[in-house]
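Take 6 as the starting number for the sequence shown in the numbering used here and just add one per residue.
Below you'll find the structure, written out as structure tokens, and then a few comments.
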Amino acid sequence: MSEPTTPSASETSRHNIVAGGMGFQIRAFKDSLARWVVWVGGLGVIAALMLIFFYLVSEVAPLFEPAEFHPRPEYAVPGSGKTLYTTVEEQGEVAMRVADNGEVSFFNLTSGAVLVQQKLPIGEQSIVSIAEVSAERGVLAAALSDGSVLRFAHEYEISYPNDKRLITPSLSFPQGEAPLPFMTGPASSLVVRDEGDKAIFLGVDPAKAVHLKAFETTTNMITGESSSEVSGELSFTPPVSADILLVEPLLSWLYVVDQKKGKIAFYRLSGGSQPELVEIKDVGSEVSAAHYLAGGISIVVAQADGKVSQWFPARKDDGEPYLARVREFDPPGDAKLTALGVELRRRSFAVGDETGRVSVFYATSKRLIHSEQALPGAVSQLAFNPRAQVLIAESADGKVHAYDVHNEHPEVSFGALWSKVWYESYDDAKWLWQSSSASADFEPKFSLTPLAFGTLKGAFYAMIFAVPLAVMGAIFVANFMSAELRQVVKPTVELLAALPSVILGFLAGLWLAPFIESNLPGVFLLLVLLPISIPLFGYLWLNLPARLRYFVPAGWEGALLVPVVALVAWFCFAIAKPIEAVAFAGNMQSWMDHTLGIHYDQRNALVVGIAMGIAVIPTIFSIAEDAIFSVPKQLSLGSLALGASPWQTLTGVVLPTASPGIFSAIMIGLGRAVGETMIVLMATGNTPVTDASLFSGMRTLSANVAVEMPESEVGSTHFRLLFLAGLVLFIFTFFFNTLAEVVRARLRKKYASI
């Protein structure tokens, strides 16, 4: 047998070199692969953020797109006589015109071709004025020259012969074709309110006196015939010339407009008694037209000086009502306004002037939607169809011009989103978010200010609670605590980060909020005594005999604070009830409300600050503790060797070096607090108010999106504004993260030489 061959030293060396080379190549490959993975992953994160940003922008952008007005062909007014009333049916295909001779013409809105022409049963009488009884139902009332009133309705039957839509217009007479006697002379201005079997007529006679007459209709159950009887009547002469009458739908307020002098007499109506004059307001110039906006609360007044003003009732500080001039609109040009038309379901309106220019505004947002030269002569009639998709304009010289309107989001403007807005039925301007209501005359209120304020408020109180605890705790754990205890405390605190926020919100809303409400004095005592007791205990500990202090190993002193904190907390809540009984008459919330004027809500910023602070503490603590613990030991040891105390070393060396990491921890915690949803959703009461009080609720941007997104109509203004809230939240987070990175880089550069 041959003996095994032993490799020579040169062969062994060559083998090691080859193996080392292969190992180097493998490491180089791994480094290169890791570098590419990190690079691709980073680009992927950036791409994902950009996609989110552009998607949010794409959903928000339509809110700020200008309205589109597409003209239809111009043609001569169909029919004869002077136009008193014009309207367009729901689909925007058929228009109706009522003339002073009683002729009603239905015509194609695009071509002007007459479809149906019918004469109202008024005999030899003429029509003096027209009043809308119910625009939704198409019911009108005509004041005749003999003082009687005829009620009629325009109806549209839709059929689909050969799969093509056909609209057949017609007239009907719900209360019969016989006019009702009203006044001895013609009513130059007429208002009719019709509610079932009861109707109320208001009109102005030739002497400018106002007449009110109530009718009650009875129906014979056998013959089916209806008869109307007068159930109440009164008249009065206002101190101004009664040229235009406007009556609130609920018959609470009456406006008497003097066109020539530009004055409005504001009356309170009360049943069948004489109206009570509240005040007389000066418009500022001659009045061309006045009309109620949708909802029947505001009136808009077109003035001869080219301005438009909005008015509605409000209350003074003493509770007395007054007529408030809420806002003013300035159409382009200074020409005299000659026509006014309002939308049926939104607070938009159109005005036309003597030059033929038509301007469209949205009242609440004070936004000029569109303005253009529509007609060659003065505008005499303006009307929207019920869907506000068509606007028809008629000139004084007999021309008709119609527009297809695309105006989806007129209520949105920068001022309406971020500034105070004076909404109907409020006594002054406010920041309000209220997207829905059960009321038919409700106007959505879309101010983002209370939501942004609530977001910052919740984050502010959470950070006040979390930052001192998290940063001070990180300093103690990293710098003074023993290694054995640190290995227990740090994972325990970080374990809180794994607790779902919905659990924290559940506990905050259903346990913490009621507990704080019933133990409010104890909470205040705890906030005062706990910060005092900890340094006091430290002082007493340092003054104990050394032989007693040496029983506790170095770095374990912090564990002694656990029973101290528990004892102080027990003491605070034990004496809270007796203190509340003696000092606050047994109810601290009531005392705060009546004495300090501070209202207490059960779910408030204090509850949110504690709950959200607990959610934020692990994030801030973990990052800050890692930053402090990672400070090179030679820096702190060198400082101690040069004679600095541990405290001087901490404040002069460790904290400046770790400051970039500590600041990053705080900003990341702030980003978490700003974007938190479930805790604020369950523990704040979800009230969108701009109240900085610690004891009031709030609503944040994220919580608002979570609550209302499932109920919003896709593509609606509400839907897109929720995306805008998400975009604002995205920008908040981006701003805080960018600020954190800038400050962190500057701090790192500043203390790099330590």
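Glycine included, each C-beta is placed from N, C-alpha and C at the ideal position.
contact_flag[the stretch 189 to 199, the stretch 140 to 158] where n(CB pairs < 8 Å) is 3 or more: At 8 Å Cβ cutoff, the stretches touch.
Over what stretch of residues does the alpha helix (DSSP H) that includes Phe-112 continue unbroken? Phe-112 -> not in any alpha helix (DSSP H); beta strand (DSSP E) instead, spanning 108 to 113.
Ala-711: CB within 6 Å of a non-hydrogen atom of the ligand NAP: Inclusion of the ligand NAP in the displayed structure is not the case, the ligand content being empty and no account of it being possible.
Report the partner residues of Tyr-80 according to the DSSP bridge assignment. Val-405.
What are the start and end residues of the alpha helix (DSSP H) that includes Trp-596? 593 to 596
If you reduce the DSSP assignment to three classes, tell me which class Thr-654 lands in. helix
Buried/exposed call for Ala-551, threshold 16 Cβ in 10 Å: exposed
Out of Val-283, Ser-364, Glu-348 and Leu-342, point me to the one whose CA is closest to Tyr-327's CA. Val-283
If you draw a straight line from the alpha carbon of Val-733 to that of Pro-473, how long is it in whole angstroms? The straight-line gap from Cα to Cα measures roughly 28 Å.
Can you list, in chain order, the residues of its chain with a C-beta nearer than 7 Å to that of Glu-182? Leave out the 5 residues immediately preceding and following it. Pro-126, listed in sequence order.
Measuring CA to CA, which of Asp-168, Ile-132, Leu-259 and Glu-416 is closest to Ser-721? Glu-416
Is it the case that the Cβ atoms of Ser-418 and Ser-370 are separated by a distance below 7 Å? yes
Rounded to whole angstroms, what's the CA-CA distance from Leu-611 to Phe-700? Just pull it up for me. 6 Å
Can you tell me whether DSSP reads Asp-168 as helix, strand or coil? The answer is helix: DSSP assigns Asp-168 an H, G or I state.
Taking the beta carbon of Met-6 as the centre, do at least 16 other beta carbons fall within 10 Å, making it buried, or is it exposed? Unreliable positioning characterises Met-6 in this predicted model, as indicated by a pLDDT of 47, which lies under 50. A coordinate reading is not provided.
Kindly indicate which three-state DSSP category Met-6 falls into: helix, strand or coil? Summary for Met-6: the model assigns pLDDT 47, below 50, so the residue's position carries little reliability; its value from the coordinates is reported in the next sentence. Coil.
I need the DSSP call for Trp-438, collapsed to helix, strand or coil. strand
Taking the beta strand (DSSP E) that His-296 belongs to, which residues open and close that run? 292 to 297
Buried or exposed: which applies to Phe-737, given that a residue is buried once 16 or more other Cβ atoms fall within 10 Å of its Cβ? buried
Mind checking whether Gln-122 and Ser-110 have CB atoms under 7 Å apart? yes
Rounded to whole angstroms, what is the Cα-Cα separation between Met-687 and Gln-594? 22 Å
In this structure, what does DSSP give as the bridge partners for Met-703? Gly-690
Cβ-Cβ distance between Leu-373 and Ser-293 below 7 Å: no
What separation, rounded to the nearest whole angstrom, lies between the Cα atoms of Met-597 and Asn-709? Rounded to whole angstroms, Met-597 to Asn-709 spans 29 Å at the Cα level.
Length of the line joining the Cα atoms of Pro-78 and Gly-357: C-alpha separation (whole angstroms): 19 Å.
Got a sec, what are the start and stop residues for the alpha helix (DSSP H) Ala-475 sits in? 454 to 484
Look up Glu-377 in the DSSP assignment and give the residues it is bridged to. Val-363
Nearest to Gly-190 by CA position, among Pro-179, Ile-31 and Ala-214, is which residue? Ala-214
Between the Cα of Ala-379 and those of Thr-360, Glu-160, Ala-421 and Ser-246, spot the shortest distance and give me the residue it belongs to. Thr-360
Checking 7 Å against the spacing of the C-beta atoms, do Leu-387 and Ala-340 come in under that value? no
Rounded distance between the beta-carbons of Pro-67 and His-414, thought under 8 Å: 7 Å
Three-state secondary structure (DSSP) of Ala-247: coil
Could you name the residues of the same chain whose beta carbon sits closer than 7 Å to that of Ile-603, not counting the 5 residues immediately before and after it, in chain order? Met-597, Ser-698 and Phe-700
Range covered by the alpha helix (DSSP H) that runs through Ile-633: 610 to 634
Determine the closest residue to Ala-5 out of Ala-355, Asn-390, Val-719 and Val-493, with distance taken between C-alpha atoms. Shown here, the chain extends from 6 to 759; a query on residue 5 therefore has no answer.
To the nearest angstrom, how far is the alpha carbon of Ala-247 from that of Ser-275? Distance between the alpha carbons of Ala-247 and Ser-275 is about 20 Å.
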